DNA sequence: CAGTGGTCTAGACCACTGT
DNA sequence: CAGTGGTCTAGACCACTGT
């Protein structure tokens with residue numbers, strides 16, 4: 464085990480334990496070098512590597528700081544929020560805010576390929592990453608088509624997983640629309656941002672076999688906590 | 464200009480000129496140190512930075528090599544704004560607002576794989592669809608790497624087309640980041656929206672062969688005029 | 001001004017690869 | 001075996017930030 468790794472483990476444990484939070488200053492290179500009895504270059508290597516991994520940020524003349532948490536999602540592969548966050552080494556969370564049967568809007572009905580009088584299940588959830596609020600999700604499920612949806616536990620982490628396991632449906636496709644909106648007063652309050660501040664707005668229709676919709680969802684992301692990444696090729 | 468950057472520029476020029484191809488071995492740390500009259504640690508820093516940028520690969524006991532072009536799953540189709548708008552049956556437009564040589568920000572420099580002192584060409588354009596304002600594009604081009612970029616007509620519709628035709632470069636990949644921001648006063652004025660209203664914010668790095676960046680661009684879209692659609696499969 | 005990260009020196013010993 | 005990158009030392013001077 465190289466000596467610079469001792470320093471890295473030390474810094475990581477301070478961050479993971481919550482002792483150091485995003486924005487906090489960590490000890491200087493010279494201080495770490497002295498404390499671990501290594502040369503400054505060795506302490507420096509430890510920090511540069513953690514900067515490269517996105518955990519720290521350095522500012523010449525000021526110091527080295529714990530980086531803000533930003534989740535980046537590579538688009539292109541259909542994965543659940545839960546799968547995505549876990550794969551990035553973070554802890555997904557969910558809080559159920561509302562669960563009721565409603566008459567769908569025209570857009571919801573059309574997206575789910577339902578007649579506008581057919582009732583749907585509306586589910587509103589706050590989504591968390593590492594206990595921090597990330598997004599507000601409002602889902603609509605076609606319970607007339609899949610009545611078993613009513614039996615699902617919507618406070619659990621991954622609804623997609625439940626749909627596949629309990630309903631035996633295979634999710635094969637999603638169509639997403641990405642835009643931006645101003646936060647309304649109520650949205651701002653739930654997401655803990657300023658009213659009117661910009662939110663990343665995602666609409667998604669998820670399909671099982673034969674292009675049959677199983678969910679229509681609108682998600683409002685805090686742009687400081689979530690970024691979509693898309694790689695394109697030709 | 465730091466001395467390790469001289470070494471980086473040297474290596475990059477060997478790669479860009481085609482003298483060094485993917486898989487080729489580059490001179491060892493000790494050899495570069497001697498040739499550039501620096502200590503081995505300095506030569507080493509130059510290489511480690513290029514490894515981190517994905518241009519080189521190192522193998523202990525063997526040497527340092529030019530990285531292979533990574534082939535990944537095609538996720539979407541890379542099309543220019545002009546191609547896209549035309550295919551939708553609309554009329555694309557462009558208005559050149561600014562064209563100047565600037566020192567890049569850290570992010571721009573890093574995205575273009577340049578040292579931060581290397582000047583870049585900044586091009587600001589308003590984009591139209593059917594004579595309506597759609598987006599504000601701020602591009603940065605690595606003129607040190609591709610000096611011929613200075614001869615392009617930036618008031619023309621498709622810069623990508625020009626890059627491929629006049630410079631003989633094939634654009635093969637783009638990486639996009641999507642988020643949302645509040646419109647600043649000046650952005651709002653140009654886009655003719657309310658100050659502080661939500662804009663869809665896109666950052667894109669466009670690459671030619673060997674993951675060499677040819678453009679970094681930030682685009683602010685009016686969300687009422689532009690929506691990203693993404694289809695996902697599994 | 002003291003403190004910070006950025007760059008750099010001129011060495012050293014190590015494990016590993018290939019001849 | 002000679003050559004490679006990996007790790008490390010004990011210093012140095014620099015530009016920059018904040019008091």
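Chains as they are written, first to last, in our numbering: chain C, 464 to 697; chain E, 464 to 697.
For each residue, glycine too, the CB sits at the ideal point set by N, CA and C.
Keep in mind that this is a model prediction, so the values were computed, not measured.
Asked                                                                                                                  : Found
9 Å Cβ cut-off: residues of chain E touching residue 691/C                                                             : 639, 640, 641, 642, 691 and 693
Distance between beta carbons of residue 662/E and residue 648/E, contact taken as under 8 Å                           : Wrong, their Cβ atoms sit about 13 Å apart, outside the cutoff.
Neighbour flag for residue 674/C against chain E, beta carbons, 9 Å                                                    : no
Which of helix, strand or coil DSSP assigns to residue 493/E                                                           : helix
Residues that residue 526/C contacts on chain E, provided the C-beta gap is smaller than 9 Å                           : Within 9 Å Cβ-Cβ: nothing; residue 526/C doesn't reach chain E, min ~17 Å.
CB contact below 9 Å: residue 661/C versus chain E                                                                     : yes
Chain C within 9 Å of residue 515/E, Cβ atoms only                                                                     : yes
Cβ shell of residue 588/E (< 7 Å), same chain only, five flanking positions each side left out                         : 557, 558, 559, 560 and 600
Test: residue 664/E CB closer than 9 Å to a CB of chain C                                                              : yes
Distance between beta carbons of residue 583/C and residue 609/C, contact taken as under 8 Å                           : Not quite, the Cβ-Cβ distance comes to about 11 Å (not below 8 Å), so this is no contact.
Candidates 629/C, 622/C and 624/C: closest to residue 611/C by CA position                                             : 629/C
Bounding residues of the beta strand (DSSP E) (the contiguous stretch that carries residue 627/C)                      : It is not in any beta strand (DSSP E) - residue 627/C instead sits in the alpha helix (DSSP H) that spans 622 to 629.
Own chain partners of residue 671/E with C-beta closer than 7 Å, once the 5 adjacent residues on each side are dropped : 632, 633, 634, 635 and 677
Partners in chain C for residue 485/E, counting only beta-carbon separations shorter than 8 Å                          : Going along chain C, no residue has its Cβ under 8 Å from residue 485/E, so there is no contact; the nearest lies around 17 Å.
Contact with chain C by residue 567/E, beta-carbon distance below 9 Å                                                  : no
Residue from 621/E, 488/E, 513/E and 494/E whose Cα sits closest to the Cα of residue 545/E                            : 621/E
Distance, residue 627/C Cα to residue 526/E Cα                                                                         : 49 Å
Under 7 Å from the C-beta of residue 686/E: neighbouring residues of chain C                                           : 642, 643 and 644
Same chain only: Cβ atoms within 6 Å of residue 572/C, ignoring 5 sequence neighbours per side                         : 579
Cβ neighbours of residue 520/E in the same chain (closer than 6 Å, five flanking residues each side left out)          : 528 and 530
Straight-line gap, residue 474/C to residue 655/C (C-alpha atoms, nearest Å)                                           : 29 Å
Integer Cβ distance of residue 683/E from residue 598/E, believed to fall under 8 Å                                    : 6 Å
CB contact below 9 Å: residue 597/C versus chain E                                                                     : no
Residue 617/E - DSSP class collapsed to helix/strand/coil                                                              : coil
Contact under 9 Å by Cβ, residue 518/E with residue 478/E                                                              : yes
Boundaries (first-last residue) of the beta strand (DSSP E) holding residue 596/E                                      : 595 to 604
Burial state of residue 512/E (16 or more Cβ within 10 Å)                                                              : buried
Cutoff 9 Å: residue 504/E Cβ touching any chain C Cβ                                                                   : yes
Simplified DSSP state of residue 476/E, which is helix, strand or coil                                                 : helix
Own chain, CB closer than 7 Å to residue 574/C, minus 5 neighbours either side, in chain order                         : 668, 676 and 679
Residue 494/E burial status per 10 Å Cβ neighbour count (16 or more: buried)                                           : exposed
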